[in-house]
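Take the position in the sequence shown, starting the count at 1, then add 33; the result is the number in the working numbering.
Cβ coordinates follow ideal geometry from the N, Cα and C atoms, glycine included.
Comments concern the structure below.
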Amino acid sequence: MFLSVKEMELRKVRFDETFEPGQIEFASENLQQVSPLHAVGSAEVLKNSDGEVRVQGRYTVELEAPCDRCLVTARFPLDAGFDLFYQPASVIARDEEIEIDEGEAEIGFYEGGGLELEDILREQILLALPMQRVCSEDCKGICPVCGKNRNQSACDCSTSKVDDRWGALRNLEI
Ligand SMILES: [Zn+2]
Ligand SMILES: [Zn+2]
Numbered sequence: 034m035f036l037s038v039k040e041m042e043l044r045k046v047r048f049d050e051t052f053e054p055g056q057i058e059f060a061s062e063n064l065q066q067v068s069p070l071h072a073v074g075s076a077e078v079l080k081n082s083d084g085e086v087r088v089q090g091r092y093t094v095e096l097e098a099p100c101d102r103c104l105v106t107a108r109f110p111l112d113a114g115f116d117l118f119y120q121p122a123s124v125i126a127r128d129e130e131i132e133i134d135e136g137e138a139e140i141g142f143y144e145g146g147g148l149e150l151e152d153i154l155r156e157q158i159l160l161a162l163p164m165q166r167v168c169s170e171d172c173k174g175i176c177p178v179c180g181k182n183r184n185q186s187a188c189d190c191s192t193s194k195v196d197d198r199w200g201a202l203r204n205l206e207i
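Quick look at the structure:
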């Protein structure tokens, strides 16, 4: 859905959209969308601004990705809100010295008369996912000796903490 600034100049644009898996590309991020993505919100041009747009809303979606530690498929249900500000890209062209201070870190830019809701949602979803995608906080991972998933069965391989540390050191030297 294209959020047109021309339309926002007439009225606040409201959206209530559902995107089925496949409509937004996540595969390149090693993610699979497994539920419809539902997003509700609004987009408006801020009064007395140079075309600054505010997009607010909420979305729910569920994604899957292989666990970083054990490779089993992990589920990530997301239910999050967003409140974003975008300036027309022409503003930077006009004033190259534009300074973005810490408080304005959330400001993005748009060109071509508006924004694609799909792009906004994709970016928000990627930001909302944890840095470490694990099936559970205490996932024990895969045994480096025998390759078994330690969550499913304990193995007899002895990898003491001391050994692990030496292993890490050895890797560093290479
Ligand atoms: Zn895991
Ligand atoms: Zn083992």
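Coil, strand or helix - residue i by DSSP
i: residue 148; result: strand
i: residue 10; result: There is no way to answer for residue 10, as the model of the chain reaches only from 34 to 207.
i: residue 86; result: strand
i: residue 78; result: strand
i: residue 44; result: coil
i: residue 161; result: helix
Counterpart residues of residue i in DSSP-defined beta bridges
i: residue 91; result: 73, 114
i: residue 105; result: DSSP lists no partner for residue 105.
i: residue 59; result: The partner list for residue 59 (beta bridge, DSSP) is empty, contrary to what the question assumes.
i: residue 36; result: 148
i: residue 98; result: 107
Closer than 8 Å: residue i CB and nearest ligand 3 heavy atom
i: residue 90; result: Ligand 3 is not part of the structure shown, which contains ligand 1 and ligand 2 as its ligands.
Cβ neighbours of residue i in the same chain (closer than 7 Å, five flanking residues each side left out)
i: residue 108; result: 95, 97
i: residue 174; result: 102, 103, 183
Own chain residues within Cβ distance below 8 Å of residue i, not counting five before or after
i: residue 99; result: 63, 105, 106, 107, 166
i: residue 142; result: 119, 120, 121, 122, 124, 125
Cut-off 6 Å between Cβ atoms - residues of its own chain near residue i, not counting five sequence neighbours on either side
i: residue 66; result: 54, 59, 96
i: residue 116; result: 89
Cβ of residue i within 9 Å of any chain B Cβ
i: residue 113; result: This model lacks chain B altogether, as it is built from one protein chain only.
Nearest-angstrom beta carbon gap, residue j and residue i [assumed within contact, 8 Å]
i: residue 68; j: residue 89; result: Incorrect: roughly 22 Å between the Cβ atoms, too far for contact.
Give a yes or no on contact between the region 51-58 and the region 149-160, applying the rule of three or more CB pairs nearer than 8 Å.
Contact holds: three or more Cβ-Cβ distances are below 8 Å.
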